[in-house]
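In this text, residue positions in the sequence shown follow the numbering used here: the first is 37, and each later residue adds one. Built from N, CA and C at the ideal position, the CB exists for glycine as well. Accompanying notes for the structure given below.
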Amino acid sequence: AGSDAASTSATDAPSGRRPLWAALEAQSDSSRIAVIECGPTASTVTFGALAHRVERTAAGLHDSGVAPGDRVAIMIPPGVDLHVALNACWRLGAVAVLVDAGLGPTGMSRALAGAAPDHLIGITRALGAARALGWPGERISVRRLANATNRALGVGGNLHSMADATSVAPPHPGRDDVAAVVFTSGATGPSKGVVYRHRQVEAQRDALASLYGITHDDRLVAAFAPFALYGPALGIASVVPDMNVAAPGTLTATALGDAAVAIRASLVFASPAALANVIKTAASLTSEHRRAFEQVRILLSAGAPVRPSLLRAAVDLFPNAIAHTPYGMTEVLPVANITLDDIEAVRDVGGTLGVCVGHPVDRVHVQIAALDELGQPSDVLSPEPGVVGEIVVRAAHARDTYDRLWHTDHLASRPIGWHRTGDVGSLDDAGRLWVGGRLGHVITAADGPVTPVAIEQSIEALPEVELAAVVGVGPPGGQVIAAVIELVEGHRRPRLADLDLLDRVRSAVHHDIAAVLTVPQLPVDRRHNSKIDRTRVATWASDVLAGGRLARL
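Put into structure tokens, the structure is as follows:
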């Protein structure tokens, strides 16, 4: 399924499948732009040149000692070199270990220690960190370095020289060979390695192409680095704006506009935090930027619950785009999808269900494991509407396992073949999925479990509120609800809300709110800058409401 151009023009492997590099092979003589780099080192590469470099680099990596099945950590910013390294590893049959810089040095060290790569390909800064922090793997530089630098960093070769190889790359890897280890954001606990086999990544590529009708005529601006990796696999041109990819909230309207102009964008993907800053800085847009935005047909935003008001403001910048917010996670994406029009249509349907993420996408099965009074999910799955519990998913593009985390994998794979998402939600009578929050953030009140997202979105609808976190305070089974709020007109120190704000918050929600506190800034994850660390907020609020000092959160 999917677009005719994106799904039928690429060459097939001997098995009859479309491998991850098929779109490159199909355009090995093409002069179409594949990747554009923005910023000080702006450059472009065609599909033909990229295909040639990938094939040659796969052979060069193999010549240098990278064998099929070896793990290769890739620590390269988005751009041409990243696409070459990733696709060469896939073509060679090596396992790409993708560690997000957004995890920070400690998180990256923990991730690499767990994944134990055999090789590490990185820019000079990453190689320096590898040397200083003892990251595992034989080190390979992206670019040619001076001999003294190679010795200092312990580097044994470079990617650019390997692209000159004249040997033949190894045979294609199989569908069941491992393709990648990717890491969760760490927003709701320690980051976990997620294993994908080639068939699962291929299924994910095809699911995205089908869902959004992607053809070779599309051109992608991805303000979220992992999504940009799919550009060549989908056979479409792609670019990452000039931004700090480890901090999506730094994306400016000018940077997004420059990227849209450079590639003549038809698709734009940005996290909610990135979109929020684009809207704040929209006054800097030129007429050329605005004309480029008019050519965008699909605007995608995901990574955390997206406020309808944010999507509406974003659509004002992209007047001919349909705004979509796909629901999913590192372990399986997409699970469901909804447009802004659909969000508006069900605005008054959900009540206390949470946020509607739409119908499950084609060939994705969703059921619910009901919660008990202490917020623990059942082992029995239900497809029935109205049941509130953990969302459990089965799909061809779901993860294979958690990497070297047997117990975690066992708990998340009940029943076998299904993935327990850790999210809480329900299905409505029309088969739409609603998400109420994370399982670990469910408030266990005296009258039953309460999910936070619907309450938070009601509070965030107040004009003075920028962001809200709702947490439980007290013993399990008898918790009360506290709201911790970041205001539009911020202040320097945490404080108890004044009586007027307290009354407005209580009037906006369907539950009893025991306390409202305001803070200068709520803690969010590093990858998306959007997911609130409710565990940290709950610990802080519990301490404050127990008589502790109103210290910074």
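| Asked | Found |
| --- | --- |
| May I ask which residues mark the beginning and end of the beta strand (DSSP E) holding I110? | R107 to M111 |
| Is DSSP giving P55 helix, strand or coil here? | coil |
| So R540 and H477 are in contact, right, with Cβ under 8 Å, and what is the actual spacing, rounded? | Rounded, the Cβ-Cβ distance is 23 Å, inconsistent with contact. |
| Can you tell me whether A406 is helix, strand or coil according to DSSP? | strand |
| By Cβ distance, which residues of its chain are closer than 8 Å to V204, with the 5 residues on each side in sequence left out? | A95 |
| If contacts are defined as beta-carbon pairs under 8 Å, then V393 and A372 qualify, I think. What distance do you get, rounded to the angstrom? | 5 Å |
| Tell me which residues share the same chain as V102 and place their Cβ nearer than 6 Å to its Cβ, disregarding the 5 neighbours each side in the sequence. | A130 and H155 |
| Quick one: is A165 buried, meaning 16 or more other Cβ sit within 10 Å of its Cβ, or exposed? | buried |
| With burial defined as no fewer than 16 other Cβ atoms inside 10 Å of the residue's Cβ, what is the status of Q236: buried or exposed? | buried |
| Determine contact between the region 432-440 and the region 333-341, defined as no fewer than three beta-carbon pairs at a distance below 8 Å. | no |
| Three-state secondary structure (DSSP) at T47? | Residue placement at T47 cannot be trusted, given a pLDDT of 38 that sits under 50; the coordinates are not used to answer. |
| Determine the closest residue to D99 out of R531, F260 and S197, with distance taken between C-alpha atoms. | S197 |
| With H, G and I counted as helix, E and B as strand and the rest as coil, what does DSSP make of Y266? | helix |
| CA-CA distance, T251 and H325? | 23 Å |
| Helix, strand or coil: how does DSSP classify A103 here? | coil |
| Per DSSP, which residues does Y363 bridge with? Please list them. | A372 |
| Consult DSSP for S345 and reduce its assignment to one of helix, strand or coil. | helix |
| Along the chain, where does the alpha helix (DSSP H) containing H252 start, and where does it finish? | That residue, H252, is in no alpha helix (DSSP H); it is neither H nor E in DSSP. |
| With 16 as the cutoff for other CB atoms within 10 Å, does L56 come out buried or exposed? | buried |
| Excluding the five sequence neighbours on either side, which residues of its own chain have a C-beta within less than 7 Å of the C-beta of T44, listed in chain order? | For T44, the predicted structure reports a pLDDT of 32, less than 50, and the residue's modelled location is therefore unreliable. A value from the coordinates is still provided. There are no such residues. |
| Using only the alpha-carbon positions, how far apart do G293 and F263 sit? | 18 Å |
| A121 and I112 look like a contact to me (Cβ under 8 Å); what is the Cβ gap, rounded to whole Å? | 6 Å |
| Any idea what DSSP makes of L589, helix, strand or coil? | coil |
| Between which two residues does the alpha helix (DSSP H) containing G222 stretch? | Here G222 belongs to no alpha helix (DSSP H), and DSSP marks it neither H nor E. |
| Does N313 pass the burial test, meaning 16 or more other C-beta atoms within 10 Å, or should it be called exposed? | buried |
| When we look at the beta-carbon of I427 and count the other beta-carbons within 10 Å, is it buried (16 or more) or exposed? | buried |
| Sort L503, E522, V424 and E525 by Cα distance to L475 and report the nearest one. | V424 |
| In chain order, what residues of the same chain lie with their CB nearer than 6 Å to the CB of T77, ignoring the 5 residues before and after it? | none |
| Classify E420: buried if its beta carbon has 16 or more other beta carbons within 10 angstroms, exposed otherwise. | exposed |
| On the premise that V520 lies in contact with V555, defined as a C-beta separation below 8 Å, what is that separation, rounded to the nearest angstrom? | 6 Å |
| What does V297 pair with, by DSSP beta-bridge criteria? | Paired residue(s): none; V297 is not in a bridge. |
| Give the straight-line distance between the Cα atoms of D253 and A162, rounded to the nearest whole angstrom. | 35 Å |
| Suppose the cutoff is 6 Å on Cβ atoms and the five residues either side in sequence are ignored; what does the same chain contact list for Y363 look like? | V371, A372 and V393 |
| What would DSSP say about S414, mapped onto helix, strand or coil? | strand |
| Going by the DSSP bridge assignment, what does V460 pair with across the sheet? | E426 and G473 |
| Hey, would you say A318 sits closer than 9 Å to P284, going by beta carbons? | no |
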